[in-house]
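Worksheet: one structure, shown below.
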Amino acid sequence: MSSGMRIIVAEDEQEFNLRAASLVVETLESLNNPLVTFPTGMTPLGMYRALVAEYRDRPLWRTLRFVSLDEYAGLPPDDPRLFSLWVAKECLDPLSVPLENRMCFVSNASDIDAEARRMNEWLLIHGPLDLAVVGIGSNGHIAFNEPGTAFESGAHALALTPESIRSNARYWGGEDHVPRHGITLGLANLAAARHTIVLASGAGKSDILARALTGPVTVDVPASYLQTISNVSILADKAAAQYII
Ligand code: PGA
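Numbering of the sequence shown is given in our numbering, commencing with residue 1194 and proceeding in unit increments.
Next comes the structure, spelled out in structure tokens:
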């Protein structure tokens, strides 16, 4: 495990959500006009609720700049499966983050590779990220950076792996409803972030968290890039942290 890594273990779900929210707010308040990316999924849901309940009146949200972490490709702008709509509903809208401060992937862009290039060019001008908040997939993916993705990758389009399709099926009522393609910030975009917060909860994440943080740094485990960067905080519940404490 890299020496600059901070590991915080939460006793229960409530502590997990409150610690996640306070860690995000503390980090953002230490920065000027921060550029942040936030994850979707089950893990961060309680954190968003805690941010809204405890911190919605903080001035920081008015100047926050948000960039998409990942997105399904090929969906129309009103499709309820869009991650951008999910993050808007759970977090950005209730916190009143200005619409003009949100840089989101356009899911139904006619040329999805060009859309990825647009994001990379935008990040060259407006980046790097000040804070990346990410979850970890049970196969070690970070956002849609699936096993095998180069550490040097920028934003890119991709085909979802069968494992990610299976894991996303729980949100949309079955694998048939999960889009087959996605677009994501790349590992190089994420590794450039000045601060990183990783959220992991549940025993299902315990093996992969240990492999990512203490195993070899390898493209087979995309999250192992975390060992190569500084200012990383891991927030895990006891079940997820069982092999790293
Ligand atoms: P989860 O997803 O928070 O729903 O477990 C994490 C991920 O797959 O990145």
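All C-beta atoms in this analysis are idealised placements derived from N, C-alpha and C, irrespective of residue type, glycine included.
| query | result |
| --- | --- |
| Report the rounded CA-to-CA distance for residue 1212 versus residue 1231, giving the unit in angstroms. | 16 angstroms |
| Using the rule of at least 16 other Cβ atoms within 10 Å of the residue's Cβ for burial, across every protein chain shown, is residue 1306 buried or exposed? | exposed |
| Taking a contact to mean a Cβ-Cβ separation below 7 angstroms, would you say residue 1420 touches residue 1412 in this structure? | no |
| Taking 6 angstroms as the cut-off, is the CB of residue 1240 close to at least one heavy atom of the ligand PGA? | no |
| Can you find the residues in the same chain that come closer than 6 angstroms, C-beta to C-beta, to residue 1200, ignoring five residues on each side of it along the sequence? | 1427 |
| Quick check: the Cα distance between residue 1383 and residue 1325, rounded to an integer number of angstroms? | 7 angstroms |
| Go through the segment 1381 to 1426 residue by residue and report every complete run of the alpha helix (DSSP H) that reaches 4 residues or more, in order. | 1399 to 1407 |
| For the ligand PGA, any of its heavy atoms closer than 6 angstroms to the Cβ of residue 1328? | yes |
| If contact is defined by three or more beta carbon pairs under 8 angstroms, each pair taking one atom from either stretch, is the segment 1267 to 1287 in contact with the segment 1240 to 1255? | yes |
| For residue 1417 and residue 1405, which I take to be in contact (beta-carbon distance under 8 angstroms), what is that distance rounded to the nearest angstrom? | 5 angstroms |
| For the beta strand (DSSP E) that contains residue 1259, what are its first and last residues? | 1258 to 1260 |
| Once you ignore the five residues that flank residue 1312 on each side, which residues in its own chain have a CB closer than 6 angstroms to its CB? | 1348 |
| Return yes when the Cβ of residue 1300 is within less than 7 angstroms of the Cβ of residue 1317, no when it is not. | no |
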